[in-house]
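Per my numbering, residue 172 is the first one in the sequence shown, and the count goes up by one each step. Report on one structure; see the data block that follows.
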Amino acid sequence: METSPAKKTTVRIAVIDSDPLRFLGFRALLSSETDFELQSVSFTEIGTNQEVDVGLLGTNPGRNILEVLTTLKALRPGLHVIVTGCNMDEAAILKAIVAGAKGCVDEAASVGELVQAIRIVLAGSVWAPRRVLAMFVEQAYRSSNHGLSVGQRPFTTREKEVLRMLVAGCTNKEIAAPLGIEERTVKAHVAKLLRKVGVPNRVMLSVRVITHSLISSTELMGAALPPAQPPATTGQ
172 METSPAKKTT VRIAVIDSDP LRFLGFRALL SSETDFELQS VSFTEIGTNQ
222 EVDVGLLGTN PGRNILEVLT TLKALRPGLH VIVTGCNMDE AAILKAIVAG
272 AKGCVDEAAS VGELVQAIRI VLAGSVWAPR RVLAMFVEQA YRSSNHGLSV
322 GQRPFTTREK EVLRMLVAGC TNKEIAAPLG IEERTVKAHV AKLLRKVGVP
372 NRVMLSVRVI THSLISSTEL MGAALPPAQP PATTGQ
């Protein structure tokens, strides 16, 4: 007896914009992805729409994207936001990610790149051009005098376990399962680690751990890690 292929989980994507043409454009571009379900959601509605998985946020003229991201993070802490815009420079992309964006895609990018960005962000990683990753590393070195000093090891055994998997690109859910703890407990551990190391987000935490050897290579390669997600950053 033949078995039917497993049905893909629907990915609910909100185009957060008041311009209906942008929504129609994204819907046309992503129409070949059968598991993508797009809807147009206004900025004021996003807080009450709990079913959305990914939000596409445009960099409209006159809009302070950093303030918008801060507000979105307060309204929907778990929402994966991808900023889309024209001619975004490295500094603007870096600021957007630090402010809470999970990805930045230029509107001139190919459909394939946009689809890949959505899927990578949904998997718990960050999508950004490689040149921006270089800026993250440089920023990590520049801020080495703040927060945790190089060479210190004030991590508990549990924190090291969480860090190992975080650096491998695992989501909170993937970290929680093998450790036998709740996702909210993982979230609390990550928040504490961010404070200890003195960085604003998971990407900078991973960069700092690697560039400053805050955990030994043996510990980073600890046994029984779940499969790693796709690369945390990529780009053109």
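Ideal Cβ positions, reconstructed from N, Cα and C, are used throughout, including at glycine. Predicted, not measured: the structure shown is a model, and the values here were computed from it.
For residue i and residue j, I'd like the C-alpha separation in whole angstroms.
i: Thr215; j: Ile187; result: 9 Å
i: Arg193; j: Ala199; result: 10 Å
i: Val297; j: Ser211; result: 23 Å
i: Gly351; j: Ser213; result: 39 Å
i: Val361; j: Arg329; result: 11 Å
i: Leu201; j: Val239; result: 25 Å
i: Leu227; j: Thr180; result: 19 Å
i: Asp190; j: Glu332; result: 45 Å
i: Cys259; j: Val303; result: A small correction: the amino acid at residue 259 is Met; Cys does not occupy that position in the sequence shown. Met259 and Val303: Cα-Cα distance of roughly 11 Å.
i: Asp206; j: Pro325; result: 44 Å
i: Ala288; j: Leu246; result: 23 Å
i: Arg234; j: Leu376; result: 29 Å
i: Thr342; j: Ala280; result: 26 Å
i: Glu356; j: Asn231; result: Going by the sequence as given, residue 356 is Thr instead of Glu. The alpha-carbon atoms of Thr356 and Asn231 are separated by roughly 37 Å.
i: Ala399; j: Arg290; result: With a pLDDT of 37 at Ala399, under the threshold of 50, the modelled position of this residue cannot be trusted, and the question is left open.
i: Met336; j: Pro349; result: 10 Å
i: Leu385; j: Val378; result: 10 Å
i: Val286; j: Leu195; result: 16 Å
i: Glu261; j: Val368; result: 24 Å
i: Leu365; j: Ala359; result: 10 Å
i: Asn220; j: Lys363; result: 29 Å
i: Gly274; j: Gly295; result: 11 Å
i: Glu284; j: Thr327; result: 39 Å
Looking at C-alpha atoms only, which residue of the options is the closest neighbour of residue i?
i: Ala263; options: Val282, Thr242, Pro300, Thr219; result: Pro300
i: Ile268; options: Pro191, Ile236, Val286, Ala279; result: Ile236
i: Gly229; options: Gly256, Glu204, Arg373, Ser211; result: Gly256
i: Lys266; options: Thr219, Ala245, Thr241; result: Thr241
i: Val338; options: Ala348, Arg290, Arg373, Lys363; result: Arg373
i: Pro248; options: Ala270, Glu261, Asn231, Arg234; result: Ala270
i: Glu204; options: Thr356, Pro371, Val182, Val368; result: Val182
i: Leu243; options: Gly218, Asn231, Glu261; result: Gly218
i: Phe197; options: Glu278, Glu261, Leu334; result: Glu278
i: Pro371; options: Gly295, Ala272, Glu261; result: Ala272
List the DSSP bridge partners of residue i.
i: Leu209; result: Ile184
i: Leu201; result: In the DSSP output, where bridge partners are listed per residue, Leu201 has none listed.
i: Leu195; result: Paired residue(s): none; Leu195 is not in a bridge.
i: Gly229; result: Thr255
If contacts are defined as beta-carbon pairs under 8 Å, then residue i and residue j qualify, I think. What distance do you get, rounded to the angstrom?
i: Glu222; j: Ile184; result: The Cβ separation is near 11 Å, so there is no contact.
i: His251; j: Val276; result: Not a contact, Cβ separation roughly 13 Å.
i: Ile253; j: Val292; result: 6 Å
i: Leu334; j: Val380; result: 6 Å
i: Glu354; j: Lys344; result: 6 Å
Please give the ranges of any beta strand (DSSP E) in the stretch 232-293, keeping only runs that are unbroken, at least 3 residues long and fully inside the region. 251-256, 274-277
In chain order, which alpha helix (DSSP H) runs of at least 4 residues are fully inside the stretch 315-371? 328-338, 343-350, 354-368
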